[in-house]
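Going by my numbering, the first residue of the sequence shown is number 38, and it counts up by one from there.
Just so it is clear, CB atoms sit at the ideal spot from N, CA and C, and this is done for glycine as well.
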Amino acid sequence: MTDPWSSRGPVIAGFATLLLLFFGLGGWSVAASISGAIVVAGRVEVAQARQIVQHPEGGVVQAIHVTEGEAVAAGAPLLTLDGTLLRAELATVEGQLCD
38 MTDPWSSRGP VIAGFATLLL LFFGLGGWSV AASISGAIVV AGRVEVAQAR
88 QIVQHPEGGV VQAIHVTEGE AVAAGAPLLT LDGTLLRAEL ATVEGQLCD
């Protein structure tokens, strides 16, 4: 006579696979270094029509040079972006070039 089929082996193999996947991804997430940034678009609303202001690379606003309702001349700076992130990114790229 043949032995009845048991699902114990495939269940154990499935749990072993899930544990390996869980601990493998967990170990990778602790050991891996991921650098990234969140880019958010901003906008300034004017009285007549909306004008969207967006920096092509994104960044952190260091200073805002206008207030709500203030008239500004063409070409006048509205805000200043913080260059810390760009300098850090430049240092990272230069480091990668040297390696």
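For V97, there is no enclosing alpha helix (DSSP H); the residue is part of the beta strand (DSSP E) that begins and ends at 97-101.
A check of alpha carbon separations from T104 across V67, G51, I49, P114 identifies P114 as the nearest. In the three-state reduction of the DSSP assignment, L115 falls in the coil class. Rounded to the nearest angstrom, the gap between the Cα atoms of W65 and L58 is 10 Å. Its chain contains T117 as the residues whose beta carbon lies nearer than 6 Å to that of A100, once the 5 sequence neighbours on both sides are disregarded; these appear in chain order. In the displayed model, I89 falls within a strand according to three-state DSSP. The shortest CA-to-CA distance from S72 to any of G46, C135, L122, P47 is the one to L122. In the DSSP secondary-structure assignment, R80 is bridged to I89. Counted as a single uninterrupted DSSP element, the stretch harbouring E105 is not any alpha helix (DSSP H), since DSSP gives it neither H nor E. Here W65 carries a helix assignment [DSSP, helix/strand/coil].
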